[in-house]
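Q: The following block contains the structure, expressed as structure tokens.
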Amino acid sequence: MRALTVFWNILSKDMRSYYLKPPNISWGLIFPLAWTGMFFIRSGVGLESVPELLPGVMAVSVLFGTTSMLAVTVTFEKKHRSFERLLLAPIPLELLMLAKTTGAIVFGVANAFVPVIMAAFLMDLSVVSWGTLIPAVVLIAFSSTFLGLFIAVSVSEVFEAQTFSNFFRFPMLFLCGLFFPIERLPVWLRPVSYAMPLTYGVDLLHESVRRAGTMPAVLDFGMLAAFCAVLFAVSLRNIKTKWIL
Amino acid sequence: MSGGSEPVIQVEGLAKHFDGVQAVADVDFEVREGELFGFLGPNGAGKTTTINMLTGLARPDSGTIGIAGIDCSKKPKAAQHLMGVVPDESNLYPELSGFENLSFCGALYGMDRRDRRERAGELLERFGLDAAAERKFAGYSKGMKRKLTIAAGIIHSPPILFLDEPTTGIDVASARQIRRLIADLNAAGTTIFLTTHYIEEAERLCGRIAFIVEGRIVRIDAVGNLMRLTEGRHVVRLSVSGGAAGLCEAIAAEMPHLACTTTGDGDIRVESTEPVRVGPLVRLLEDSGAEVFEARRVRESLEDVFVRITGIEAGAMKQEKDRAKAGAGA
Ligand SMILES: Nc1ncnc2c1ncn2[C@@H]1O[C@H](COP(=O)(O)OP(=O)(O)O)[C@@H](O)[C@H]1O
Ligand SMILES: [Mg+2]
């Protein structure tokens, strides 16, 4: 009960202070729109390709919607020392960091459904396997957020967090199987693809939207969950060793 | 107040270094229940580092920390529910109002909504901030910010309160108000650990004081005992024209039983274990070419005791601090 009070209040403060601000919301809407437009222009194709584009736009929306948020909710608060208040609160660090990341996760999931809603006007969504798609989106949001957390606790300036997250985001974008199928990448690059959480998330999205996954869903889910666990654990360790000097 | 009996804070052999700097070295002390304990020392002495280790924001290199009988050396979060912490810099949320800040801080300690609102309202009124309750923290003056930060530190009515330089860098009126609040809190039973570099503040508020210099405690004693060190010493201060250069040498040559120093503002300070005979002293100075305007008996203060024990000139300590603050910007 007490833990719930703490969790909810940290989450709702971040929601009010950061996530539900007009610039953030409009970004969440414009970003998927822009990506959809880009995909159409690049491929020069018509509406029949919407199912092919949807997984990519969803994945990109989640990735960009989540990773950089932690630069604000964590790095910024650390820099301005209000994060010390949270570290002084009599709650386990795990609960605290879950509360600090849940906002980004929720926001990321919401972002993913912006292109889905747009696609609903353009394609028949009855083919989508929601039972796979929804947990896949949630796990992508978790893993991208925890990647953002890992970055946010490894740096001390907000701009560093943002630069550093691009260092992860752009390679992920190009190597996760969104633009080119992984089989068409040079052999030496493939291991890099398989070392990225987004690869497994994108595979699940392709599977649920158009039955075009290349790996067993169980493997995809397992790898995503493993990435979440490792990134979260390493981030907590970094906070304990680097911030609690 | 040297009240209670139980030690609520028990520290032994506490040490901490930062790359090459020994911030805290082998510190031992105890704070008893209901006490107002002062940590007095210059900038960089290790006061903040000590508070950080006690409250779980820093990990000691060695030593043990007991808070209310709980061993916090290995589990720094184990006693955090008993503590209120007021950092040296106001670190509340600029985008939240005064009321929202207090309510949020209460929530961090698991207080339910009704308790938080009630207590926040009560504290805002008590700190004279009720008119600013709905204004954003970012727009508060320095004094208001510090007061709200203290209110946030006691929102959950902690039995132990840590205050890191609570009156540094704020206006005189707010500082007075804050000192009164601290005294009231202590009178109502809160055990308080306070750091300061203002000697008068330590003297006025604290029951016992630890002098800390370069990470080491050089003396811990009750203020009463420290003041007793001033007894049996006779000090006379003389204002002279044309500066005090060379005069102490003249005194040392003629009146070796007097210890002479020159003060920061060009006066001469003469100290002895017997009453100082002013007539011969003035004649000697005038024979040495100085003109004496005033000679007065000085009662020794805690400041003199501090200077004597630590070897640190108190004025220099304050100036250094204020320079550091000014350099850091507003
Ligand atoms: N995070 C840190 N990294 C490096 N040195 C530090 C750090 N914190 C404190 N110090 C050093 O430790 C010493 C004690 O600092 P501090 O505890 O802040 O002193 P005080 O609060 O008494 O002014 C100083 O020399 C300071 O420079
Ligand atoms: Mg300090």
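Protein chains in written order, with the working numbering: chain A, 417 to 661; chain B, 1344 to 1673. Beta carbons are placed, not taken as given, at the ideal position from N, Cα and C, and that holds for glycine.
#1: Any beta-carbon of chain A closer than 7 Å to the one on Thr1538/B?
#2: So, are the CB atoms of Leu1425/B and Pro1502/B less than 7 Å apart?
#3: If I measure Cβ to Cβ from Phe584/A and keep anything under 8 Å in the same chain, skipping five residues before and after, which residues do I get?
#4: Kindly list, in the order they appear in chain B, the residues whose Cβ is closer than 8 Å to that of Ser498/A.
#5: Let's test the definition: count the other Cβ atoms within 10 Å of the Cβ of Thr579/A and tell me whether it reaches 16, buried, or not, exposed.
#6: Would a C-beta distance cut-off of 7 Å place Leu512/A and Leu504/A closer than the cut-off?
#7: Could you name the residues of chain B that Pro506/A contacts, counting a contact when the two beta carbons are closer than 7 Å?
#8: Counting only Cβ pairs nearer than 7 Å, list the residues of chain B close to Leu555/A.
#9: In whole angstroms, what separates the C-alpha of Phe648/A from that of Gly593/A?
#10: Say yes only if the C-beta of Thr1391/B is nearer than 6 Å to one or more non-hydrogen atoms of ligand 2, and no if none qualify.
#11: Could you list which residues in chain B have their beta carbon closer than 9 Å to that of Lys429/A, in chain order?
#12: Ile1555/B and Gly1389/B - do their beta-carbons sit closer together than 7 Å?
#13: Identify whether Cys1448/B lies in helix, strand or coil by the three-state DSSP scheme.
#14: Suppose you measure from the CA of Val1641/B to the CA of Ser1416/B; what does that come to, to the nearest Å?
#15: What are the boundary residues of the alpha helix (DSSP H) that Leu1425/B is part of?
#16: With 7 Å as the threshold, decide whether the Cβ of Arg1402/B is near any Cβ in chain A.
#17: Is Asp1455/B close to ligand 2? I mean its beta-carbon at under 6 Å from any heavy atom of the ligand.
#18: Taking Ile507/A as part of the alpha helix (DSSP H), name the residues at either end of that continuous run.
#19: Just to confirm before moving on: does the CB-CB distance between Lys1420/B and Gly1399/B stay below 7 Å?
#20: Could you spell out where the alpha helix (DSSP H) holding Thr561/A opens and where it closes?
#21: Name the chain B residues whose beta carbon is nearer than 8 Å to that of Asn425/A?
#22: Residues of chain B with CB closer than 7 Å to the CB of Leu565/A, please, in chain order.
#23: In chain order, which beta strand (DSSP E) runs of at least 3 residues are fully inside the region 1495 to 1548 of chain B?
#24: State the start and end residues of the unbroken alpha helix (DSSP H) segment that holds Arg1456/B.
#25: Can you tell me whether Phe648/A is helix, strand or coil according to DSSP?
#26: At the level of alpha carbons, what is the spacing between Phe1372/B and Ile550/A?
#27: Does the beta carbon of Gly1399/B fall short of 6 Å from some heavy atom of ligand 1?
#28: Does the beta-carbon of Ile457/A have 16 or more other beta-carbons within 10 angstroms, so that it is buried, or is it exposed?
#29: Kindly give me the distance between the Cβ atoms of Val554/A and Val530/A, rounded to whole angstroms, as I take these residues to be in contact under 8 Å.
#30: Below 8 Å, can you find three or more Cβ-Cβ pairs linking the region 1561 to 1574 of chain B to the region 1527 to 1539 of chain B?
#31: Name the two residues that bound the continuous alpha helix (DSSP H) containing Gly1384/B.
#32: So, helix, strand or coil for Lys1418/B, using DSSP?
#33: In the DSSP output, which residue or residues are listed as bridge partners for Glu1637/B?
#34: Please list, in chain order, all residues of the same chain as Arg1460/B whose beta carbon is under 7 Å from its beta carbon, the five residues on each side excluded.
#35: Start and end of the beta strand (DSSP E) containing Cys1603/B?
A: Short version:
#1: no
#2: yes
#3: Thr483, Leu563, Ile567
#4: Asn1434, Leu1435, Tyr1436
#5: exposed
#6: no
#7: Lys1420, Gln1423, His1424, Tyr1452
#8: In chain order: nothing, as chain B lies at least about 29 Å away.
#9: 25 Å
#10: yes
#11: Tyr1436, Leu1439, Glu1443, Phe1447, Ala1450
#12: yes
#13: helix
#14: 46 Å
#15: Here Leu1425/B belongs to no alpha helix (DSSP H), and DSSP marks it neither H nor E.
#16: yes
#17: no
#18: Careful: Ile507/A lies outside any alpha helix (DSSP H) and carries neither H nor E.
#19: yes
#20: 546 to 568
#21: Phe1447, Ala1450, Leu1451
#22: Going along chain B, no residue has its Cβ under 7 Å from Leu565/A, so there is no contact; the nearest lies around 20 Å.
#23: 1503 to 1507, 1534 to 1539
#24: 1456 to 1469
#25: helix
#26: 57 Å
#27: no
#28: exposed
#29: In fact, because the Cβ distance is near 16 Å, the residues do not count as touching under 8 Å.
#30: no
#31: No alpha helix (DSSP H) holds Gly1384/B; DSSP gives it neither H nor E.
#32: coil
#33: Ser1582/B
#34: Ser1446
#35: 1602 to 1605
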